[in-house]
Amino acid sequence: SSPPDERVDQRTCLICGDRATGLHYGIISCEGCKGFFKRSICNKRVYRCSRDKNCVMSRKQRNRCQYCRLLKCLQMGMNRKAIREDGMPGGRNKSIGPVQISEEEIERIMSGQEFEGEANMSWSNNGDSDHSSPGNGVSESNQPSPVSTPSSSRSVELNGFAALRDQYIGTPVSMHYQYLPHLFSYSAHSALVPPQTRSLDPQSHSLINQLVSAEDVEPLGTPMLIEDGYKVTQAELFALLCRLADELLFRQIAWIKKLPFFCELSIKDYTCLLSSTWQELILLSSLTVYSKQIFGDLADVTSKYSPSDDELHRFSEEGMEVMERLIYLFRKFNQLKVSNEEYACMKAINFLNQDIRGLSNASQLEQLNKRYWYVCQDFTEYKYPHQPNRFPDLMMCLPEIRYIAGKMVNVPLEQLPLLFKAVLHSCKTSVSKE
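Going by the numbering used here, the sequence shown opens with residue 46, and the numbers climb by one from there.
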């Protein structure tokens, strides 16, 4: 059979459910939605919905509401920056995964404000504006913008850890979900296509098995058992976090050497990829295969650490944002219950980021990325036929992981013990309430 990245006859358009013809502007879609999106963006169309802006999108109904069709194109991650300025064919989209943009930016596009702003900027910059497109995630110009919430729009006076905990645990769950509204809007805008029973493509099966066998899912060896009554100091907790990070990083290096495509890429490119993605890989593995130890054993250790009032007052805005997003992401992964096969695919897709600077063979990475993108979709559609939104849900977690990993770099090292205590406590509490 033909390779998974060439076989699209069984794919369905993520917008309307029609037969997909390939990756168009970053997502798997049909010719109809591809053309509609291109015309809408190139002609700067502004549509109106006569209903509640949640019209059903299906092959038969997609033309009934242009507003909702364009809205879903944007929510699913279609990359308008991948369309050539002149609207002519020939532009090649280097972005493999969906591009995540904020609800605010989507609203600006739907209302036409974004087009006006771009026109003004183009005029003032003599047409030299940057139109580089992010690949398979977020770039500096396309990071998801948090919606302002009561907890993020003002500085909070904290009078102890209980206040910090209540600030987030006491906040309605919907507040946290506002950070990534696209993930929870798929079902409202998707046509539920009746699942078709089919077998998994043999090549997809083989590629997934190779990825899974490269993973080390054995329990972490770093000791995380503390006797009852022992008070953990900030320095001790920080040292433990460093040892954990070392072990997790070592496992990622060992994983790279076992990858089925290890011999296809240069050492230079592997070094470049690892140095840019190691934090993301560690975060992804902590949320999935090692989650029981991280959110169980490590949470027990952090519960024995009591931060000082000074530490609480010094907790930065970056720490607050990372905390909120990590709690949200934990809940999302807990809801999805990601399998080892899906985790292995997500990890490979995230690692094979062809937009990282300094790569010697970005086009080869793009092809490998595309291969595992299709493999992951093939597996989720086969394994979870009654969850048509599962694959886009999984893929939309990757830009958020990249964003959080990038933000964690800005959190002062001395604040990491408090950050982990707050996150792990909140996540453990939310699970116990379910």
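By construction, the Cβ of each residue, glycine as well, lies at the ideal position given by its N, Cα and C atoms.
For residue i, I'd like the list of residues in its chain whose CB is within less than 8 Å of its CB, leaving aside the five on either flank, ordered along the chain.
i    : result
S156 : V91
Q460 : E356, R359, F360, S361 and G364
Y276 : Looking at the sequence shown, residue 276 is not Tyr but Lys. Cβ neighbours of K276 beyond the five flanking positions: K349, Y350 and S351.
E263 : none
V334 : E260, V262, N385 and Y388
F465 : L282, L286, L343 and T347
Y417 : L252, L256, C390, A393, I394 and L397
The beta strand (DSSP E) that contains residue i, what's its start and end?
i   : result
S74 : I72 to S74
H69 : G67 to H69
From which residue to which residue does the alpha helix (DSSP H) around residue i run?
i    : result
L293 : Q279 to K303
H250 : P247 to A259
S408 : A407 to K428
Y275 : Per DSSP, Y275 belongs to no alpha helix (DSSP H) and is neither H nor E.
G451 : R435 to M453
I154 : E148 to S156
Q120 : Q111 to Q120
Could you tell me the alpha carbon to alpha carbon distance between residue i and residue j, rounded to whole angstroms?
i    : j    : result
G67  : L443 : 21 Å
Y350 : L458 : 16 Å
D342 : G122 : 37 Å
F340 : P462 : 14 Å
Q145 : R288 : 33 Å
R84  : E159 : 16 Å
M269 : S475 : 22 Å
W300 : G274 : 38 Å
S320 : C58  : 35 Å
R447 : D261 : 22 Å
C100 : V456 : 42 Å
G77  : Y427 : 25 Å
Q279 : Q120 : 42 Å
Q223 : E445 : Confidence at Q223 is low in this model, with a pLDDT of 35, below 50, so the placement of that residue should be treated as unreliable; the coordinate-derived value is given next. Taking the straight line from one Cα to the other gives about 13 Å.
S95  : Y112 : 9 Å
P433 : I154 : 27 Å
Whose C-beta lies closer than 6 Å to the C-beta of residue i among residues of the same chain, with five residues either side of it excluded?
i    : result
R125 : I86
R435 : T425 and Y429
K303 : A259
L413 : F306 and L397
I73  : R56, L59 and A65
E185 : Below a pLDDT of 50, predicted positions are generally treated as unreliable, and E185, at 33, falls in that range; no measurement from the model is reported.
In chain order, what residues of the same chain have a beta carbon less than 7 Å from the beta carbon of residue i, not counting five sequence neighbours either side?
i    : result
F81  : R114
K313 : S405
R109 : C100
L332 : L374, F375 and F378
For the ligand MG, I want to know if residue i counts as a neighbour, meaning its beta carbon is within less than 7 Å of at least one of the ligand's heavy atoms.
i    : result
S361 : As far as ligands go, the structure on display features none, and thus does not contain the ligand MG.
Below 8 Å, can you find three or more Cβ-Cβ pairs linking the segment 371-379 to the segment 243-259? no
Ranges of the alpha helix (DSSP H) found wholly within the segment 331-404, counting only runs of at least 4: 344-348, 354-359, 362-381 and 385-396
Taking one C-beta from the segment 315-325 and one from the segment 430-439 each time, how about it: are there three or more such pairs within less than 8 Å? no
For the segment 386-399 against the segment 253-265, are there 3 or more C-beta pairs whose distance is under 8 Å? yes
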